[in-house]
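Participant: Sequential numbering from 1 applies to the sequence shown in the UniProt record's numbering. The structure is given below, and queries will be raised subsequently.
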Amino acid sequence: MAGTVGASALRVEEVRRFPNGGVQAGPALYWDVLGLYRETLAGIREAGPLDGVGIDSWAVDYGLLDERGALLGNPVHYRDPRTDGITVPVPDRELYDVTGLQQLPFNTLYQLVAEGDRLDAAATMLLIPDLLNYWLTGSLGAERTNASTTQLYDVRARTWATSLAVRAGIPPRLLPPLRDPGTVVGEAREPAGLPVIAVGSHDTASAVVAVPASGPDFAYISSGTWSLAGLELPAPELSDAALAANFTNEGGVDGTIRFLRNVMGLWVLSETLRTWSTSDLPGLLRAAAASPGLAAVVDIDAPEFLPPGDMPSRISAACEATGQRPPSSRGALVRCILDSLALAYRRTLRAAAAITGRTFDVVHIVGGGARNELLCRLTADACGVPVLAGPVEAAALGNVLVQARALGEDLPDLASMRALVRETQEVRHYEPSGAGDWDAAEARLALCR
Ligand code: LRH
């Protein structure tokens with residue numbers, strides 16, 4: 001994406017699009033990280049003269065480098081089951097006290113433990129954007145918002161949690177110096193001299209920068225492959241209630257905390273389309289809109305929906321296991337996915353508010369899911385507050401806003417960045433319609449959980 005930022009001006013446009021996804025090769029599911037690097041270089045070239053470049057990506061995954069800085073093996077995809085059954089000798093309460101992170105099987109901590117003695121040959125671990133930055137510039141470092149997703153980062157001290165790493169058997173030498181979003185990583189080797197800037201390199205951190213909130217009482221859903229649903233806080237929330245509800249405290253831009261949960265997201269829908277070998281999403285969404293609402297709901301966060309595969313069969317099985325009639329048409333199945341997502345947003349956002357003692361009077365949906373009108377409408381109905389949907393390209397906007405500030409643009413704080421997003425980007429408004437008995441659906445699902 002190429003972005004332009006100025007007084008009353010903010011634009012991003014697509015320069016180059018390429019597929020990204022898991023590559024199953026033999027027993028492991030990998031990323032094609034060299035392909036990503038090649039496409040990144042091609043995209044930078046195609047964008048023409050630039051003032052800077054910033055990279056953000058999904059979290060938790062990494063490459064290991066040897067002493068010379070050469071890649072040791074191909075980065076593994078977090079949906080690979082290699083962390084199944086992996087544990088660390090640190091009690092959950094203590095782990096949460098230090099890192100504030102939700103337990104997800106694919107947190108970097110567990111992935112590194114799963115590496116076993118392969119770590120012996122490694123000198124450095126670089127998360128994906130840091131790895132691409134290293135290849136671009138030769139500079140080694142760990143940008144803070146993404147470092148905060150590893151479960152190896154001390155959320156209060158804002159340092160690597162080295163003693164925790166040692167107890168888990170992870171050599172602290174692997175953890176490179178931390179850098180803040182908005183600092184300069186270095187100059188690209190190609191095109192020579194191009195400033196490479198650390199942004200909120202966790203895509204969700206960049207997306208939350210571009211949430212067009214006008215006041216403090218908002219909830220957000222960064223909606224894409226995952227739906228990251230939660231609140232922005234000034235400090236981590238590490239209470240027993242937060243631990244029990246498995247909320248995460250990820251680091252945001254400007255020292256904020258993203259208090260949220262990973263809801264399984266549109267991944268379930270995209271895997272459904274892949275299973276059916278169709279790309280007719282608009283047709284399926286029309287059929288879903290015409291299907292009766294809340295006919296069947298599943299716990300979309302259940303672990304069986306994490307790995308790639310046949311989601312329609314898994315959804316039917318989940319309905320049967322909970323005494324509900326499985327959806328009998330494609331439209332009904334897509335409706336079941338969207339109803340279940342909206343129900344998970346309601347559960348998650350209400351829990352976030354209850355745990356923190358805060359309230360929200362609007363839910364912002366940013367990212368690709370903001371285009372899905374039915375999902376936005378269902379979210380407004382489920383949560384009982386208005387939904388403001390957009391911008392779709394929130395992560396790219398948050399990325400260029402932080403770059404622009406680093407390069408001298410007058411955007412002193414998140415509020416000024418969000419004001420510029422409000423002024424320049426399309427945002428759609430959905431009022432709750434009162435349709436659907438969401439209380440009953442929630443109670444029905446709670447009984448089955
Ligand atoms: C979204 C995301 C999310 C992480 C997941 C691995 O793209 O970065 O915030 O939990 O990918």
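Where a beta carbon is used, it is the ideal one built from N, C-alpha and C, also for glycine.
Closest to Leu333 by C-alpha separation, out of Asp301, Leu294 and Ser239, would be which residue?
Facilitator: Along the sequence shown, read from residue 1 onward, the residue named residue 333 stands at position 333. Nearest option by C-alpha distance: Leu294.
Participant: Is Asn262 near ligand 1, going by C-beta to nearest heavy atom under 7 Å?
Facilitator: Stepping through the sequence shown from its first residue, residue 262 is reached at position 262. Under cutoff, so the answer is yes.
Participant: Looking only at C-alpha atoms, which of Leu243, Leu34 and Leu194 sits nearest to Leu95?
Facilitator: Numbered from 1 along the sequence shown, position 95 holds the residue referred to as residue 95. The residue with the shortest Cα to Cα distance from Leu95 is Leu243.
Participant: Tell me whether the beta-carbon of Ala395 lies closer than 8 Å to the beta-carbon of Ala207.
Facilitator: Residue mapping note: residue 395 aligns to position 395 of the sequence shown, counting from 1. Residue mapping note: residue 207 aligns to position 207 of the sequence shown, counting from 1. For Ala395 and Ala207, yes; Cβs fall inside 8 Å.
Participant: With a threshold of 7 Å (Cβ to nearest heavy atom), would Tyr134 be considered close to ligand 1?
Facilitator: Mapped onto the sequence shown, residue 134 falls at position 134. It does not: the Cβ of Tyr134 is nowhere closer than 7 Å to a heavy atom of ligand 1.
Participant: Please report the straight-line C-alpha distance between Leu228 and Tyr220, rounded to a whole angstrom.
Facilitator: On the sequence shown, position 228 is the one that residue 228 refers to. On the sequence shown, position 220 is the one that residue 220 refers to. Going from the Cα of Leu228 to the Cα of Tyr220 covers about 8 Å.
Participant: Hey, quick one: how far does the alpha helix (DSSP H) through Ile355 stretch, first residue to last?
Facilitator: Sequence index remark: in the sequence shown, residue 355 carries index 355 (1-based). Segment Arg330 to Thr356, the alpha helix (DSSP H) holding Ile355.
Participant: Does DSSP put Asn74 in a helix, in a strand, or in coil?
Facilitator: Residue numbering aside, residue 74 sits at position 74 when the sequence shown is read from its first letter. Here Asn74 sits in coil by DSSP.
Participant: Leaving out the 5 sequence neighbours to the left and right, which residues in its chain are closer than 6 Å to Ala435 when beta-carbon positions are compared?
Facilitator: Reading the sequence shown from its first residue, position 435 is the one you call residue 435. Here the set comprises Asp381.
Participant: I need the boundaries of the beta strand (DSSP E) containing Ser223, first residue and last residue.
Facilitator: Your numbering for residue 223 matches position 223 in the sequence shown. Looking at the DSSP string, the run of the beta strand (DSSP E) that includes Ser223 is Ala219 to Ser223.
Participant: Measuring alpha carbon to alpha carbon, tell me which of Leu306, Gly116 and Pro292 ends up nearest Glu328.
Facilitator: Within the sequence shown, residue 328 is the residue found at index 328, counting from 1. Correcting the residue identity first, residue 328 is Ser in this sequence and not Glu. For the residues Leu306, Gly116 and Pro292, the minimum Cα distance to Ser328 belongs to Pro292.
Participant: Indicate whether the contact test is met: 3 or more Cβ pairs, each with one atom in the segment 370-379 and one in the segment 147-165, closer than 8 Å.
Facilitator: Counting Cβ pairs under 8 Å, fewer than three are found: no touch.
Participant: So Val362 packs on Pro386, CB below 8 Å; how close in whole Å?
Facilitator: The residue labelled residue 362 in the question sits at position 362 within the sequence shown. The residue labelled residue 386 in the question sits at position 386 within the sequence shown. Their Cβ separation, rounded to whole angstroms, is 5 Å, which keeps Val362 and Pro386 in contact under 8 Å.
Participant: Please find out if some non-hydrogen atom of ligand 1 comes closer than 7 Å to the beta-carbon of Gly224.
Facilitator: Position 224 of the sequence shown, counted from the start, is the residue given in the question as residue 224. Answer for Gly224: yes, Cβ within range of ligand 1.
Participant: Give me the residue from Ser222, Val196, Leu140 and Leu29 with the minimum Cα distance to Asp203.
Facilitator: As a first step, residue 203 must be located in the sequence shown, where it is residue number 203. Checking every option, the nearest Cα to that of Asp203 belongs to Ser222.
Participant: Would you mind listing the beta strand (DSSP E) stretches within the segment 367-412 that are 3+ residues and don't spill past its ends, in chain order?
Facilitator: List check, beta strand (DSSP E) in window: 387-389.
Participant: Write down the C-beta distance between Leu388 and Val427 rounded to the nearest angstrom, noting that I regard them as a contact closer than 8 Å.
Facilitator: Counting from 1 along the sequence shown, the entry for residue 388 is found at position 388. Counting from 1 along the sequence shown, the entry for residue 427 is found at position 427. Going by Cβ atoms, the distance from Leu388 to Val427 rounds to 5 Å, so yes, they are a contact pair.
Participant: Can you give me the Cβ contacts of Met264 inside the same chain, cut-off strictly under 6 Å, excluding the 5 residues immediately before and after it?
Facilitator: To locate residue 264, count along the sequence shown from 1; it is residue 264. Only Ile300, Asp301 and Phe305 meet the Cβ criterion.
Participant: Nearest-angstrom Cα distance between Glu67 and Leu174?
Facilitator: Along the sequence shown, read from residue 1 onward, the residue named residue 67 stands at position 67. Along the sequence shown, read from residue 1 onward, the residue named residue 174 stands at position 174. Glu67 and Leu174: Cα-Cα distance of roughly 11 Å.
Participant: Which one of Trp31, Thr40 and Leu72 has the shortest CA to CA distance from Asp61?
Facilitator: Numbered from its first residue, the sequence shown carries residue 61 at position 61. The shortest Cα separation from Asp61 among Trp31, Thr40 and Leu72 belongs to Trp31.
Participant: Which residue or residues does DSSP assign as beta-bridge partners of Gly251?
Facilitator: As a first step, residue 251 must be located in the sequence shown, where it is residue number 251. Answer is Ile257, bridged to Gly251.
Participant: Is the number of C-beta pairs between the segment 27-44 and the segment 127-145 that are closer than 8 Å three or more?
Facilitator: Contact holds: three or more Cβ-Cβ distances are below 8 Å.
Participant: How many angstroms separate the CA atom of Thr83 from the CA atom of Leu349?
Facilitator: The sequence position of residue 83 within the sequence shown is 83, counting from 1. The sequence position of residue 349 within the sequence shown is 349, counting from 1. In a straight line, the C-alpha of Thr83 is about 28 Å away from that of Leu349.
Participant: Which whole runs of the alpha helix (DSSP H) in the UniProt domain "Carbohydrate kinase FGGY N-terminal" (51-209) are 4 residues long or more, in chain order?
Facilitator: With a minimum length of 4 residues, the continuous alpha helix (DSSP H) runs that stay inside the UniProt domain "Carbohydrate kinase FGGY N-terminal" (51-209) are 92-99, 108-115, 128-137, 144-147, 162-167 and 203-209.
Participant: Is the distance from the Cβ of Arg179 to the Cβ of Ala142 below 8 Å?
Facilitator: Within the sequence shown, the letter at position 179 stands for residue 179. Within the sequence shown, the letter at position 142 stands for residue 142. In this structure, Ala142 lies closer than 8 Å to Arg179 by Cβ.
Participant: Counting pairs of beta carbons, one from the segment 239-259 and one from the segment 273-282, are three or more of them closer than 8 Å?
Facilitator: Taking 8 Å as the limit for Cβ pairs, the verdict is that the segment 273-282 does not touch the segment 239-259.
Participant: When you compare the segment 195-202 with the segment 389-409, are there three or more beta-carbon pairs, one atom per stretch, that lie closer than 8 Å?
Facilitator: Yes, they touch.
Participant: On a CA-only basis, which of Ala352, Asp80, Ala419 and Ser433 is nearest Ala9? Give me that one, please.
Facilitator: In the sequence shown, residue 9 corresponds to position 9, counting from 1. Of the listed residues, the one whose Cα sits closest to Ala9 is Ala419.
Participant: Might you give, ordered along the chain, the residues of its own chain that have their beta carbon closer than 8 Å to the beta carbon of Leu414, omitting 5 neighbours on each side?
Facilitator: The residue you call residue 414 lines up with position 414 of the sequence shown. Excluding positions up to five away in sequence, the list reads Val209, Val253, Asp254 and Thr256.
Participant: Looking at C-alpha atoms only, which residue of Ile337, Pro391, Leu65 and Gly230 is the closest neighbour of Ala354?
Facilitator: One-based indexing of the sequence shown puts residue 354 at position 354. With distances taken between Cα atoms, Ala354 lies closest to Gly230.
Participant: Can you look up Ser416 in the DSSP assignment and give me helix, strand or coil?
Facilitator: Start at 1 with the first residue of the sequence shown, and residue 416 comes out as number 416. In the structure shown, Ser416 sits in a helix (DSSP, three-state: H, G or I).
Participant: For ligand 1, is there any heavy atom lying closer than 7 Å to the beta carbon of Tyr110?
Facilitator: The residue you call residue 110 lines up with position 110 of the sequence shown. Answer for Tyr110: no, Cβ out of range of ligand 1.
Participant: Going straight from the alpha carbon of Gly182 to that of Thr145, what length do you get?
Facilitator: For the purposes of this step, residue 182 is identified with residue 182 of the sequence shown, where counting begins at 1. For the purposes of this step, residue 145 is identified with residue 145 of the sequence shown, where counting begins at 1. Between Gly182 and Thr145, the C-alpha separation is close to 11 Å.
Participant: Taking buried to mean at least 16 other C-beta atoms within 10 Å of its own C-beta, is Phe18 buried or exposed?
Facilitator: For the purposes of this step, residue 18 is taken as residue 18 along the sequence shown, with counting starting at 1. Phe18 comes out exposed.
Participant: Here's a check: name, in chain order, each residue in its chain whose Cβ is nearer than 7 Å to the Cβ of Ala288, leaving out the five neighbours to either side.
Facilitator: Along the sequence shown, read from residue 1 onward, the residue named residue 288 stands at position 288. The residues are Gly331, Val334, Arg335, Leu338 and Leu374.
Participant: Nearest CA to the CA of Phe218: which residue from Ala205, Glu232 and Glu46?
Facilitator: The residue given as residue 218 occupies position 218 in the sequence shown. Nearest C-alpha to Phe218: Glu232.
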